[in-house]
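Have a look at the structure below, then the notes.
Chains as they are written, first to last, in the working numbering: chain S, 163 to 275; chain Y, 116 to 226.
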């Protein structure tokens with residue numbers, strides 16, 4: 163399977179602090195995604211990227227920003243963390259838009275106190 | 116917009132029991148349908164898929180049939196094992212090539 167690593171795996175932070183989550187893939191996939199997973203909501207798309215420096219918003223983008231300066235790296239930033247952003251965050255990638263299979267990282271558990 | 120509805124969990128079964136996890140969808144056209152599985156502490160991985168009506172996806176003893184008439188894609192397995200304990204997600208791919216996810220169903224298999 164595709165090599166997708168997320169860091170950190172766990173993070174505890176305080177309300178109001180900025181947080182950056184990292185996703186690194188070694189498969190040269192063009193498309194990358196950030197999701198959050200919350201009980202009862204399944205996966206909700208935060209932002210996605212369709213190429214270097216090309217990003218777009220998902221359904222729950224407020225309070226989040228992303229950057230993709232290299233094909234292999236996709237960063238998610240919580241500009242000022244809030245308790246409602248406590249969640250498990252997953253990064254995913256796929257080679258192209260018509261490639262339907264997504265490859266997922268192992269997730270980051272973020273707790274905002 | 117497109118949506119996916121799954122049965123709520125958790126679903127608790129004994130080993131070797133028959134499994135059904137219901138999934139229905141609302142969509143424009145006939146999207147490809149998927150089941151993903153998430154084992155504890157891991158990311159999601161594709162379990163099976165079907166791309167058109169009456170297609171049957173299968174993998175690891177699991178099956179699901181794309182039913183256009185009932186807009187359903189129920190996941191089934193004839194004899195579950197403890198190792199099948201996981202969260203199962205039904206999903207479709209919409210006309211913008213984005214995945215639309217169900218809420219997930221947690222499956223617990225007791226020995």
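Virtual Cβ for every residue (Gly too), placed ideally from N, Cα, C. Everything numeric in this text was worked out from a predicted model, so none of it was measured.
If residue i and residue j are in contact, beta carbons under 8 angstroms, what's the gap, nearest whole angstrom?
i	j	result
residue 135 of chain Y	residue 189 of chain Y	6 angstroms
residue 212 of chain Y	residue 260 of chain S	7 angstroms
residue 163 of chain Y	residue 150 of chain Y	5 angstroms
residue 147 of chain Y	residue 132 of chain Y	So it is not a contact: roughly 29 angstroms between Cβ atoms.
residue 238 of chain Y	residue 187 of chain Y	This structure cannot settle anything about residue 238 of chain Y, because the visible part of chain Y is limited to 116 through 226.
Per DSSP, what are the beta-bridge partners of residue i in this structure?
i	result
residue 172 of chain S	S:271
residue 218 of chain S	S:210
So, helix, strand or coil for residue i, using DSSP?
i	result
residue 198 of chain Y	helix
residue 259 of chain S	coil
residue 187 of chain S	strand
residue 247 of chain S	helix
residue 231 of chain S	strand
residue 177 of chain Y	strand
residue 172 of chain Y	strand
residue 159 of chain Y	strand
residue 191 of chain Y	strand
residue 213 of chain Y	coil
residue 141 of chain Y	strand
residue 122 of chain Y	coil
Alpha carbon to alpha carbon, how far is residue i from residue j?
i	j	result
residue 167 of chain Y	residue 231 of chain S	37 angstroms
residue 174 of chain S	residue 207 of chain S	22 angstroms
residue 247 of chain S	residue 202 of chain Y	22 angstroms
residue 194 of chain Y	residue 172 of chain Y	17 angstroms
residue 122 of chain Y	residue 205 of chain S	16 angstroms
residue 118 of chain Y	residue 141 of chain Y	5 angstroms
residue 240 of chain S	residue 206 of chain Y	27 angstroms
residue 228 of chain S	residue 265 of chain S	19 angstroms
residue 255 of chain S	residue 216 of chain Y	16 angstroms
residue 221 of chain S	residue 198 of chain S	11 angstroms
residue 171 of chain S	residue 263 of chain S	23 angstroms
residue 250 of chain S	residue 183 of chain Y	34 angstroms
residue 203 of chain S	residue 179 of chain S	25 angstroms
residue 242 of chain S	residue 181 of chain S	8 angstroms
residue 273 of chain S	residue 169 of chain Y	43 angstroms
residue 137 of chain Y	residue 165 of chain S	31 angstroms
residue 144 of chain Y	residue 177 of chain S	44 angstroms
residue 195 of chain S	residue 178 of chain Y	28 angstroms
residue 193 of chain S	residue 210 of chain S	7 angstroms
residue 219 of chain Y	residue 120 of chain Y	9 angstroms
residue 208 of chain Y	residue 275 of chain S	35 angstroms
residue 216 of chain S	residue 190 of chain S	15 angstroms
Regarding residue i and the ligand PLP, is the C-beta to nearest heavy atom distance less than 7 angstroms?
i	result
residue 187 of chain S	Among the ligands in the structure shown, none appear at all, so the ligand PLP cannot be discussed.
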